[in-house]
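**Student:**
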Amino acid sequence: MSREWIKMTVVALCAGLALSLVVANSQTMDEKQDYPFQPVPFTDVKAEDEFWAPRIETNRSVTIPYAFGKCEETGRFGNFERAARVLQNDPNLQDRKVRGYSFDDTDIYKVLEGASFGLSVKANPAMDKYLDEVIAKIAAAQEPDGYLYTARTINPQKPHNWAGPHRWVNVKRLSHELYNMGHLYEAAVAHYQATGKRTLLDIAVKNADLLCEVFGPGKNEDAPGHQIIEMGLVKLYRATGQKKYLELAKFFLDTRGPGDGEYSQAHKKVVEQTEAVGHAVRATYMYSGMADVAALTGDHRYLEAIDRIWQDVVTKKLYLTGGIGATGGHEGFGPAYELPNLAAYCETCAAIGNAYWNHRLFLLHGHAKYIDVMERTLYNGLISGVSLDGKLFFYPNPLESDGSHSRSPWFGCACCPGNITRFVASVPGYVYAKQDNALYVNLFVAGQTDVTVGEQKVHLRQQTRYPWDGQVKITVDPEQAGEFTVNVRIPGWSRNEPIPSDLYRFVDTSDDKPSLKVNGQTVPLNLKDGYVAIDRKWSKGDTIDLSLPMPVRRVMSHEKVMDDVGKVALQRGPIVYCIEWPDVKDGHVVNLLLPDEAVISTEFKPELLGGVQVLRGETISLARVEGHQELKRENVGFTAIPYYAWAHRGRGEMAVWIARTESAARPLPAPTITSASKASASGGDARALNDQREPKSSGDHSNRFLHWWPRKGTKEWVQYDFAKPTRVAAVEVYWFDDTGRGECRLPKSWQLFYREGSDWKPVQNPSGYGCEGDRYNRTSFEPVDTDALRLEVQLPEKFSAGIHEWRVESAESQP
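With the first letter of the sequence shown counted as 1, position 752 gets the number 754 in the numbering used here; the numbers rise by one all the way through.
(1) Within its chain, find whatever has a CB closer than 7 Å to the CB of residue 771; leave out the 5 residues flanking it on each side and keep chain order.
(2) Could you give the first and the last residue of the continuous alpha helix (DSSP H) run that contains residue 184?
(3) Could you give the first and the last residue of the continuous alpha helix (DSSP H) run that contains residue 507?
(4) Which runs of the alpha helix (DSSP H) at least 4 residues long sit entirely within the region 353-407? Give them in chain order.
(5) Taking DSSP's pairing of strands, which residues face residue 48 in a bridge?
(6) Can you check the region 477-512 for any alpha helix (DSSP H) of at least 4 residues that lies completely inside it and give the ranges in chain order?
(7) Given that a residue counts as buried once 16 or more other Cβ atoms are within 10 Å of its Cβ, and exposed if not, what is residue 591?
(8) My output table needs one value for residue 806: the three-state DSSP class, helix, strand or coil.
(9) Examine chain C for any beta-carbon lying closer than 9 Å to the beta-carbon of residue 740, and answer yes or no.
(10) How long is the line joining the alpha carbons of residue 15 and residue 188, rounded to whole angstroms?
(11) Nearest to residue 246 by alpha carbon, out of 298, 275 and 195?
(12) Which residue wins for smallest C-alpha separation from residue 848, given the options 131, 215 and 494?
(13) Check for me: the beta strand (DSSP E) holding residue 517 runs from which residue to which?
(14) To the nearest angstrom, how far is the alpha carbon of residue 713 from that of residue 736?
(15) Would the beta-carbon of residue 601 fall within 9 Å of that of residue 607?
(16) Near residue 98, what residues of its chain come up, given a Cβ to Cβ distance below 8 Å and the 5 sequence neighbours on each side ignored?
(17) Check whether the region 169-183 and the region 220-233 touch, using three or more Cβ-Cβ pairs below 8 Å as the test.
(18) Note down, in chain order, each residue of its chain lying with its Cβ closer than 8 Å to the Cβ of residue 694, except the 5 sequence neighbours on either side.
(19) Let me know if residue 344 comes out buried or exposed under the rule of 16 or more other beta-carbons within 10 Å of its beta-carbon.
(20) Just reading off the beta strand (DSSP E) that residue 833 is part of, what are its end residues?
(21) Between the Cα of residue 775 and those of 787, 528, 796 and 747, spot the shortest distance and give me the residue it belongs to.
(22) If you check the beta carbons only, do residue 683 and residue 595 fall under 9 Å apart?
(23) State the DSSP-derived secondary structure class of residue 87, mapped to helix, strand or coil.
(24) Would a C-beta distance cut-off of 9 Å place residue 893 and residue 814 closer than the cut-off?
(25) Can you tell me whether residue 603 is buried or exposed? The criterion is at least 16 other CB atoms within 10 Å of its CB, across all chains shown.
(26) Should residue 511 be labelled buried (16 or more other beta-carbon atoms within 10 Å of its own) or exposed?
(27) How is residue 273 classed by DSSP in three states: helix, strand or coil?
(28) Below 9 Å between beta carbons: does that hold for residue 412 and residue 395?
(29) Out of 257, 249 and 307, state which residue places its alpha-carbon closest to the alpha-carbon of residue 276.
(30) Okay, do the region 640-654 and the region 576-592 touch, 3+ Cβ pairs below 8 Å being the bar?
(31) Please report how far the alpha carbon of residue 139 lies from the alpha carbon of residue 550, in whole angstroms.
(32) Tell me the rounded alpha-carbon separation between residue 744 and residue 421.
(33) Suppose contacts are defined by Cβ-Cβ distances below 9 Å. Is residue 766 in contact with residue 755 by that definition?
(34) Could you compute how far the alpha carbon of residue 361 sits from the alpha carbon of residue 293?
(35) List the endpoints of the continuous beta strand (DSSP E) containing residue 718.
(36) On the DSSP bridge list, what partners appear for residue 544?
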């Protein structure tokens, strides 16, 4: 393998992305084809700032060891050890049970990849030795022909229930055999590049050779149920030069669809797809794989497809925080403009996938709009997924909380923590890029890099407090004076464009404009694709001074985003803000009204949440008073914090979007029998029953609701225990129904019971048990004194059901 090939491979793999020459419109696999724009690898970029550098170090020294510890504690390593003992025909092995999910092997692979990235930039003999031990366990669990999947090897006669009875038979659905392999390949290449050791790479190559024998035209033509094998095979191709791996990656894309459902993007051929659908992580991994294959093969059809899909996302399906995947039921994309806040899913892994995808699109097109989206994701909906101490994690990242959310030390399905470890380690690789004789400054991170631009070796140094301060000083030190171009990105948010579409807009236009100087001389902001191109002869000590004003901006969403109508969000620089319970009187947030004329100030608080820029102002607190039509209004001060930093001070209310009009506000409701009751249920989230959030329809997903899925055709119940015995005479039930998107329907029937002593008795003379949608179904009955009510609900045959709200009326309130 030539020195030049090794050099090219290191650059490509360290950034986790591809490199090099122009993507031609050929569909042949020409080794000279690659991404036209090349990332400067993270191993060549040293972050020295107050924002990213501490996070990268915490990830290296805390999160990665912590995640490995959790993998040991939860039996993930045990699966490999049991698989090895099976292959060794250990007569003393009695335990043939697979722990966890069939994809849990990948948690080890992902953390191993992150640890390898850490070794690439800082020696750690203890971690190096530990990885050798981990790799030895992986090697021992690999079957002689290269197959590696502990969920089957541990017990071939009775494998994990997602695995299917034989190898590969469930690969299109839930086996995750190929998903596991994709993460293995990525870890293997990262470890090889970091250490030069082939131990894990040889395991990956042996497995990939098996896949090449099993899959392909005229062989097994199933597409993987969870994408990432495509990205992994491309990395393996780069590391080994074996074109068959690239060909297999392309095959897995081409064999997908049609007719296998939107969940795994198999409803159409990948090149015919026009919108983002289904599981968001699967989708972004596929789009990233399509970008890789398009770059390396010149197949323009992939490029045209992902361009169409990207346009669909940024115009209709992207959260202000950069999160994607609004719907929790399938962890994926919902319909256009359906972006609920409280019920937002926004999986951390999907945010990471979104960053991968947008960076690859930049490498294909060289346009700053992709970096704008990536930056929004990075500073908001991605790093919210990990706590400041590196030991707690969010799986979903909602934009509103009623106090039911907090980060977790781990998950049964723990894909997100491992993904965090590998992504945060590689963040410096997203700062710079180059093409021929041009350098691109994409992100503003204090630190240094050495890069070759054309034939010129250049040392670059950034000085900035970004994202808290918009002053950026870039010192350019070429080895010798010479001509080349430095392209400086001018962020969309500084040009009155929150994102490159009309999905969000600033309420008012800022008069503060960005400015740029070279050696003290003003440079006109003549933008091309979002960059100012400074083409000149550079000498040692030349400086670029970029000034990005950071006024506090109010953001509005598209009128079709129903959950945000009449509301505003606050943004300063790239940072999206939220108001959280400790920073407002009485801890209530969702009832606040922020008038347009309210003055908002800002200051840096070094002692708060690791050091953050906060916003301060005054809002109006709204509350209903029992027996009065008029709302109680009270002026209250607030402090807004960066969204990524919420949920570090205990559970409580939080909101990104705040009402700017009274009609959009959610006044605190007056106390009722219902709100004071303790709710419970046979399944689902009982807190939804009496949260007093009014549904817009039975199919409303913007608020929390109770559902019994996946139970179908069963008899279920919900119950209220009253604060004290009460005389009641009526109830109202608003049923949930997600026809067209899920398996919940209106119930078949229901009945109401009251508790007398320890017995449940049916209410007498009910006026009817309605099962209609899009309305409250009311039944009145003979008044009864009781301390509890229970609804028994018969689910329809072959379907589930659910409830938005259940209200109780006292006998005294009856006319």
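All C-beta atoms, glycine included, are put in the ideal place defined by N, C-alpha and C.
**Tutor:** Based on what the coordinates show:
(1) Sequence index remark: in the sequence shown, residue 771 carries index 769 (1-based). Cβ contact annotation for residue 771 (same chain, cutoff 7 Å, sequence separation greater than five): 751, 752, 753 and 781, in chain order.
(2) Against the sequence shown, residue 184 aligns to sequence position 182. From DSSP, the alpha helix (DSSP H) with residue 184 extends over 179-197.
(3) Locating residue 507 in the sequence shown gives position 505, where the first residue counts as 1. Premise fails: residue 507 lies in the beta strand (DSSP E), 506-508, not in any alpha helix (DSSP H).
(4) List check, alpha helix (DSSP H) in window: 370-378.
(5) Sequence index remark: in the sequence shown, residue 48 carries index 46 (1-based). 450, per the DSSP bridge assignment.
(6) Qualifying alpha helix (DSSP H) stretches: none in this window.
(7) Walking along the sequence shown from the start, residue 591 turns up at place 589. Its Cβ being crowded by 16 or more others within 10 Å, residue 591 is buried.
(8) The residue you call residue 806 lines up with position 804 of the sequence shown. In this structure, residue 806 counts as strand in the three-state DSSP scheme.
(9) Absence of chain C from the displayed structure is noted, only one protein chain being present.
(10) Locating residue 15 in the sequence shown gives position 13, counting from the first residue. Locating residue 188 in the sequence shown gives position 186, counting from the first residue. Interpretation of residue 15 is limited by its pLDDT of 41, a score under 50 that renders its predicted location unreliable; no figure is taken from the coordinates.
(11) Here residue 246 is taken as the residue at index 244 of the sequence shown, counted from 1. Ranking 298, 275 and 195 by Cα distance to residue 246 puts 298 first.
(12) The chain is shown only over 3 to 817; residue 848 falls outside these bounds and no answer can be derived.
(13) Your numbering for residue 517 matches position 515 in the sequence shown. Counting along the chain, the beta strand (DSSP E) containing residue 517 begins and ends at 517-520.
(14) Position 711 of the sequence shown, counted from the start, is the residue given in the question as residue 713. Position 734 of the sequence shown, counted from the start, is the residue given in the question as residue 736. A direct Cα-to-Cα measurement between residue 713 and residue 736 gives close to 20 Å.
(15) On the sequence shown, position 599 is the one that residue 601 refers to. On the sequence shown, position 605 is the one that residue 607 refers to. Not closer than 9 Å, so no.
(16) As a position in the sequence shown, residue 98 is number 96, starting the count at 1. For residue 98, same chain residues with a beta-carbon under 8 Å away, outside a window of 5 residues either side, are 84, 88, 156, 157 and 160 in chain order.
(17) Yes, the region 169-183 is in contact with the region 220-233.
(18) As a position in the sequence shown, residue 694 is number 692, starting the count at 1. Within the same chain, Cβ atoms closer than 8 Å to the Cβ of residue 694 are found at 671, 674, 676, 677 and 807, the five residues on either side in sequence being excluded.
(19) Position 342 of the sequence shown, counted from the first residue, corresponds to residue 344. Residue 344 is buried by the Cβ-count criterion.
(20) With the chain covering only 3 through 817, there is no way to say anything about residue 833.
(21) In the sequence shown, the residue the question calls residue 775 occupies position 773. Ranking 787, 528, 796 and 747 by CA distance to the CA of residue 775 puts 747 first.
(22) Start at 1 with the first residue of the sequence shown, and residue 683 comes out as number 681. Start at 1 with the first residue of the sequence shown, and residue 595 comes out as number 593. Their beta carbons are not under 9 Å apart, which means residue 683 does not touch residue 595 by this criterion.
(23) Working through the sequence shown from its first residue, we reach residue 87 at position 85. If DSSP states are grouped into helix, strand and coil, residue 87 belongs with the helices.
(24) What the structure shows of the chain is the stretch from 3 to 817, and residue 893 is not part of that stretch, so it cannot be assessed.
(25) As a first step, residue 603 is located in the sequence shown; it is residue number 601 there, counting from the start. Exposed, since its Cβ has fewer than 16 Cβ neighbours within 10 Å.
(26) Translated into the one-based positions of the sequence shown, residue 511 becomes position 509. By the neighbour-count criterion, in which 16 or more other beta carbons inside 10 Å mark a residue as buried, residue 511 falls on the exposed side.
(27) Numbered from 1 along the sequence shown, position 271 holds the residue referred to as residue 273. It is helical.
(28) Translated into the one-based positions of the sequence shown, residue 412 becomes position 410. Translated into the one-based positions of the sequence shown, residue 395 becomes position 393. In contact: residue 412 and residue 395 (Cβ atoms closer than 9 Å).
(29) One-based indexing of the sequence shown puts residue 276 at position 274. When 257, 249 and 307 are compared, the shortest CA-CA separation from residue 276 is found for 307.
(30) Verdict: yes, contact present.
(31) In the sequence shown, residue 139 corresponds to position 137, counting from 1. In the sequence shown, residue 550 corresponds to position 548, counting from 1. One C-alpha to the other measures close to 51 Å.
(32) As a working note, residue 744 is residue 742 in the sequence shown. As a working note, residue 421 is residue 419 in the sequence shown. The alpha-carbon atoms of residue 744 and residue 421 are separated by roughly 28 Å.
(33) Translated into the one-based positions of the sequence shown, residue 766 becomes position 764. Translated into the one-based positions of the sequence shown, residue 755 becomes position 753. No, the pair does not count as a contact, with Cβ atoms beyond the cut-off.
(34) The count along the sequence shown starts at 1 and reaches residue 361 at position 359. The count along the sequence shown starts at 1 and reaches residue 293 at position 291. The alpha-carbon atoms of residue 361 and residue 293 are separated by roughly 10 Å.
(35) Within the sequence shown, the letter at position 716 stands for residue 718. Annotation for residue 718: the continuous beta strand (DSSP E) segment containing it runs 717-738.
(36) Taking the sequence shown and counting its residues from 1, the one referred to as residue 544 is at position 542. Beta-bridge pairing links residue 544 to 478.
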